[in-house]
Amino acid sequence: MKKVLFATTALVATAGVAAADVTLSGTAQMGLQGGDMLSGATGDPVLSNMETQFVQDIDVTFTLSGESDNGLTFGAAVDLDENAANVNTDDAGVAIFVSGNFGTLTMGDTDGALDWAMTEAWVGNAGSINDDETSHVGALGSYLDGAYDGQILRYNYSFDSFGFAVSVEMDDSGVRDEGYAVGFTYGMDFGGGSVDFGLGYQVATPRDLWNVGNVSQIIVAETTTGNAADTTVGFGTYIGEVKALGVSAAVTLDNGLSAALTFTDFDVESTTVGFSDFDTTHVGVGVGYTFDAFTVSANWGQFEIDNYGELTGYGLAAAYDMGGGLSMHLGYGHTDYAVTNAALPSQVDGDWQTWSFGLSMSF
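This is the structure we're talking about:
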């Protein structure tokens with residue numbers, strides 16, 4: 001259930017506004033988490049058992065919307081779980097849009113065109129209170145979004161079964177080239193379900209060092225002398241321009257079954273003397289099934305990094321809908337980390353897992 005507040009002078013800026021309202025929604029989670037964890041901001045990361053512990057989270061979102069006399073729709077979403085500082089130069093959990101016959105223009109905490117076009121491998125995901133099923137190292141969701149400050153400008157337009165988007169993420173420092181992306185979608189219905197295809201391309205220049213997907217939870221800073229110049233992160237090389245090309249296909253059936261397949265190729269430029277450019281490919285697959293009040297899902301993903309090794313993971317989730325916005329969730333994530341290059345830390349070779357169990361509430 002969503003609480004609706006009807007706007008008065010707070011939203012009505014001019015007499016030209018035909019309608020406006022504010023919707024307040026939120027989620028809360030409570031339960032237990034456990035498994036393994038990585039620690040160590042410097043030096044090689046350390047893998048250890050996590051003590052089973054309580055976990056809780058809350059998220060409140062204000063959604064503002066309105067319509068002008070000439071039919072333009074506009075609005076914004078504010079996520080109060082985010083730090084609202086620097087809202088003018090960072091996304092700060094805020095997204096603002098204006099939409100009409102020309103399409104939709106969105107700025108802030110929103111998907112870049114590649115992420116917008118792609119369907120993640122965890123389609124039909126049952127979800128968990130700690131995102132274990134999408135936090136394993138094989139998961140890929142945001143692509144190159146966030147390589148700068150996370151403040152994205154995207155234009156998208158849809159006609160019939162086709163969709164098109166372009167996006168830009170700027171470098172506020174003026175040192176790096178701006179990032180950009182383009183994406184295309186196509187969807188069609190058939191007897192008993194629907195299928196959606198996505199295709200996109202993205203270019204970005206990350207902040208010197210780069211980790212794909214959830215790799216940052218594994219590969220942390222390694223310092224030899226304490227001097228910043230001797231610090232290596234990620235693949236042991238400073239990164240220049242990164243190009244990503246992705247394609248996805250997803251099917252949703254009326255019987256509650258859904259599945260998705262994704263493929264992404266990263267072309268990574270190294271700016272460190274002695275390190276060559278390298279390619280990284282990612283494959284992801286997932287399936288979900290909903291029956292009565294139950295939902296179960298599974299996903300698998302793998303990064304294959306030239307001259308470095310393979311990073312593989314899978315996630316499992318199950319949920320029971322108790323009605324009224326209350327549901328019970330169980331999540332599990334497993335990571336398999338195979339190193340073939342001495343530049344990567346060896347202490348976390350092998351596999352580890354995380355899990356969570358508890359209640360989720362939506363309002």
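Numbering (full-length UniProt numbering), first residue to last: 1 to 363.
All residues carry an ideal CB built from backbone N, CA and C; glycine is no exception.
Keep in mind the model is a prediction, meaning the values are calculated, not measured.
{"query": "So GLY34 and TRP355 are in contact, right, with Cβ under 8 Å, and what is the actual spacing, rounded?", "result": "6 Å"}
{"query": "Can you check which of these residues, ASP36, VAL175, TYR180, PHE190, is closest to SER161 by C-alpha distance?", "result": "PHE190"}
{"query": "For a test of the three-state rule: what should DSSP assign to LEU114, helix, strand or coil?", "result": "helix"}
{"query": "Looking at the secondary structure, which residues open and close the beta strand (DSSP E) in which HIS282 lies?", "result": "278 to 291"}
{"query": "Determine the DSSP secondary structure at ASP132, reduced to helix, strand or coil.", "result": "helix"}
{"query": "Let's see if you can read the secondary structure: which residues bound the beta strand (DSSP E) around ARG154?", "result": "152 to 159"}
{"query": "Tell me, which residues are paired with VAL203 by DSSP?", "result": "TYR180, LYS243"}
{"query": "Is the beta carbon of VAL251 closer than 9 Å to that of THR262?", "result": "no"}
{"query": "Please report how far the alpha carbon of LEU311 lies from the alpha carbon of GLY284, in whole angstroms.", "result": "12 Å"}
{"query": "With a cut-off of 8 Å on the beta carbons, I'd call PHE363 and GLY26 a contact; round off their distance for me.", "result": "5 Å"}
{"query": "Rounded to whole angstroms, what is the Cα-Cα separation between THR110 and TYR155?", "result": "11 Å"}
{"query": "Does the segment 131 to 140 come within contact of the segment 179 to 186, defined as at least 3 CB pairs closer than 8 Å?", "result": "no"}
{"query": "In whole angstroms, give me the CA-to-CA distance for VAL166 and LEU64.", "result": "24 Å"}
{"query": "Are the beta-carbon atoms of GLY198 and MET118 separated by less than 9 Å?", "result": "yes"}
{"query": "Answer with buried or exposed for GLN202, where buried requires no fewer than 16 other C-beta atoms within 10 angstroms of its C-beta.", "result": "buried"}
{"query": "Give the DSSP bridge partners of VAL55, in chain order.", "result": "GLY31"}
{"query": "Under 8 Å by Cβ, that's how I've got GLY315 and GLY333 pegged, so tell me the actual separation to the nearest angstrom.", "result": "5 Å"}
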